[in-house]
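Read top to bottom, the protein sequences are chains X and V.
The opening position of the first sequence corresponds to residue 1 in the numbering used here, with each subsequent residue numbered one higher.
The opening position of the second sequence corresponds to residue 359 in the numbering used here, with each subsequent residue numbered one higher.
Beta carbons are placed, not taken as given, at the ideal position from N, Cα and C, and that holds for glycine.
For clarity, every value in this text was computed on a predicted model and none was experimentally measured.
2 protein chains.
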Amino acid sequence: MGPGPSDVPRRVLDASARQTIGHLDPFFITLMDEIKVMLQQAYKTDNALTMPVSAPGSSGMETCFVNLVEPGETVLVCINGVFGGRMQENAERCGATAIVIEDDWGAPVSLEKVEQALNEHPQISLVAFVHAETSTGASSDAQQITRLAHQHDAMVIVDAVTSLAGSPLEVDGWDIDAIYSGSQKCLSCLPGLSPVSFNERALEKIRNRKSKVQSWFMDLNLIMGYWGSDGARSYHHTAPVNSLYALHESLLMLHEEGLENSWARHQKNHLLLKSGLAEMGIKFLVDEAYRLPQLNTVYIPEGVDDAAVRRNLLENYQLEIGAGLGALAGKVWRIGLMGYASREENVELCLRALKESI
Amino acid sequence: MGPGPSDVPRRVLDASARQTIGHLDPFFITLMDEIKVMLQQAYKTDNALTMPVSAPGSSGMETCFVNLVEPGETVLVCINGVFGGRMQENAERCGATAIVIEDDWGAPVSLEKVEQALNEHPQISLVAFVHAETSTGASSDAQQITRLAHQHDAMVIVDAVTSLAGSPLEVDGWDIDAIYSGSQKCLSCLPGLSPVSFNERALEKIRNRKSKVQSWFMDLNLIMGYWGSDGARSYHHTAPVNSLYALHESLLMLHEEGLENSWARHQKNHLLLKSGLAEMGIKFLVDEAYRLPQLNTVYIPEGVDDAAVRRNLLENYQLEIGAGLGALAGKVWRIGLMGYASREENVELCLRALKESI
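Now the structure itself:
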């Protein structure tokens, strides 16, 4: 119950242990097609270019930046936690100028600041922000930020690492241009894959780039051929076949449950945890309106030894919860209720373990 | 028995299906340390920076280039198959000028051409070549190319995707500066990881770069902190925990067998295959002196339907062999005897299946 990787169900683990087959085997091609369709459902999109990057979430982030940013462009980066800072790094390494707006850790991205920055810097071509900050548990209004960006002729890159399958997210409904996530959060798959999706506006920009994408491994012009969005199957790299077996199975489980039911389950178990924590006098970092059900960041009670409690949970309850990052280190815990870990019995175990450890 | 991914033993598959734990769990840190030590043994090196990149072999290649090449440098790229061409792409995307020498597909890299290029272009800072070309089955003399490069004050990047654990390779003995491989060839691990190793000369260059590494995900300055070569463990990305369980197990199996014994087994089964193919009048593409035991590229006999035979092997013998790439498409088959697949019973199955299918 940390901030991810989340608990992986046995069904997904078993799927990953099926015999490895060649990445050009006809059966594997079918598997790729099914993954694509189920990812489109999870993202609520019809985007043809919807597929998992063969590496962790941070490479999904980089895939978005290296493809959509050209040297000399200006990118607005919204920072309200660790991962916004990483977006700034990515933008700058692509040769862009990053304009940064900052909000407090635990607060959402401020729409006013976004609008002001877009007004002040009409050259901004891209707005990058985190939908669900894993470092704080705060959700930002992806739909409204995207609307503002489009009003100013800018595209968006959205970090949905922690939101996908855990809380409402609609790629087409909100008109998101480029988005990435991770396999190891609310999908409860193994860590190591990064599902991404790009709309036609984003693809148009990528096809018309003046410069080559600086990364060969992440160049979508090459990967598109591999994942067959143009009907062909040209060899790009050796796919992580077994991780894709696992992703297929976790997407199948999500499909069986239903996406909206998964969101509702995350919300229900969050409320259960919240009520138990309230009884213990433990308070949340994030205002109720922006609180992520899948990542509960709470203040460590006065006088309690952070590391000792977490060690006790791990050793005596086999329970991992996350520490605070950056300025929040030693001040908060991050309790994940992600994917398969979002279950009533887990909430009860966590509450009991905390009660007995504090 | 294709050119990889190779057969994965059940022991490795089962290891990969162990319950996912957090990438900051103390147990996982121990696992990382053991992987590092066993990779050092497999590469025959004491290099502190020896670890698996969390993505397929092509990202290991890119990790070497983005870290060791700065814009404006001149790189000598030796092309004798598909993967040399990819190295050229990588060098150019890093802003370098690539000087290319070419040899026939199936031939090794010519030492004379390397020396001539180094003499003609004293500004060359790096020589990049493939030790074992997966697209042709030819081995090049990594020790001598490295010696020539060092004589001209250039470093080397070596592609050992297909050679690691399958045929003689000595990183320290041959004084190789930077090397990458894949998990899915002679290690018989799942596809998706790329073991790399860098010597002190390479690290010195990386530490003293004038420009930032263009990739955040592959920046070794950040990854070194994560893999703890400086004693610390700073969070970089979420490790592909289950794939690392698998790599740990496959390295353990290699350790149990002994590296030199693994090389000898690959050679023994290659000779067995060679003798059976000779009886059928099937000839090798590569001269005996440069033939890789783990990847046997043979001419398709006159009048035989390439695709029909491969389909028959797959459907009736559950046996995959590789097709030819590029100019060799339709002309050769590539029979892999890699890692766990390099077994006497496999050689026999392959020979029988070919005899019955042709």
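V75 (chain X) carries a strand assignment under DSSP once its states are collapsed to helix, strand and coil. A Cβ of chain V is located within less than 7 angstroms of the beta carbon of V241 (chain X). For P52 (chain X), DSSP records a beta bridge to X:P195. G166 (chain X) and G430 (chain V) have their C-alpha atoms roughly 46 angstroms apart.
In this chain, the beta strand (DSSP E) harbouring W333 (chain X) covers V332 to G336. The continuous beta strand (DSSP E) containing M155 (chain X) extends over residues M155 to D159. With a 10 Å radius around the Cβ and a threshold of 16 neighbouring Cβ atoms, L629 (chain V) comes out exposed. Residues of chain V whose Cβ lies closer than 8 angstroms to the Cβ of P52 (chain X) do not exist; the shortest such Cβ separation is about 11 angstroms. Fully enclosed alpha helix (DSSP H) runs of no fewer than 4 residues occupy 664-675 of the stretch 653-689 of chain V, in order along the chain. Residue pairing by DSSP places R291 (chain X) opposite X:A138 in a beta bridge.
The residue among V:T504, V:Q625, V:W532 and V:S601 with its C-alpha nearest the C-alpha of V366 (chain V) is V:S601. Residues N600 and Y603 of the same chain have their beta carbon placed closer than 8 angstroms to that of R376 (chain V), with the five preceding and five following residues left out of the count. Within chain V, the residues T378, P598, V599, N600 and S601 have their CB atoms less than 8 angstroms from the CB of L190 (chain X), given in chain order.
Rounded to whole angstroms, P480 (chain V) and A400 (chain V) show a C-alpha spacing of 34 angstroms.
Only exposed fits V395 (chain V), as fewer than 16 other CB atoms lie within 10 angstroms of its CB. In the DSSP assignment, Y538 (chain V) forms a beta bridge with V:D517 and V:V554. For T455 (chain V), the enclosing beta strand (DSSP E) covers residues T455 to E460. Using beta-carbon distances, R334 (chain X) does not count as an interface residue toward chain V, since no partner is under 7 angstroms. Within 10 angstroms of the beta-carbon of T30 (chain X) lie fewer than 16 other beta-carbons, which makes it exposed. Annotation: W463 (chain V) has no Cβ neighbours in chain X at a cutoff of 9 angstroms; minimum Cβ distance is about 16 angstroms.
Separation of the CB atoms of L295 (chain X) and T162 (chain X) is rounded to 6 angstroms, and the pair is thereby assigned contact status at 8 angstroms.
The beta-carbon of H613 (chain V) is placed no less than 7 angstroms from the nearest beta-carbon of chain X. Its chain contains G4, P5, P56, G182, S183 and Q184 as the residues whose beta carbon lies nearer than 8 angstroms to that of P191 (chain X), once the 5 sequence neighbours on both sides are disregarded; these appear in chain order. The three-state secondary structure of V485 (chain V), taken from DSSP, is strand. Nearest in C-alpha terms to L469 (chain V), of all of V:Q446, V:R444, V:I437 and V:T403, is V:I437. In this structure V66 (chain X) touches M218 (chain X) by the C-beta definition: roughly 5 angstroms separates them, less than 8 angstroms.
Listed along the chain, the chain V residues whose CB falls inside 8 angstroms of the CB of E62 (chain X) are S573, W574 and F575. Rounded to whole angstroms, E344 (chain X) and L351 (chain X) show a C-alpha spacing of 11 angstroms. Interface criterion not met: the Cβ of P301 (chain X) is under 7 angstroms from no Cβ in chain V. A Cβ-Cβ distance of about 7 angstroms is found for the pair K44 (chain X) and L169 (chain X), placing them in contact under the 8 angstroms criterion.
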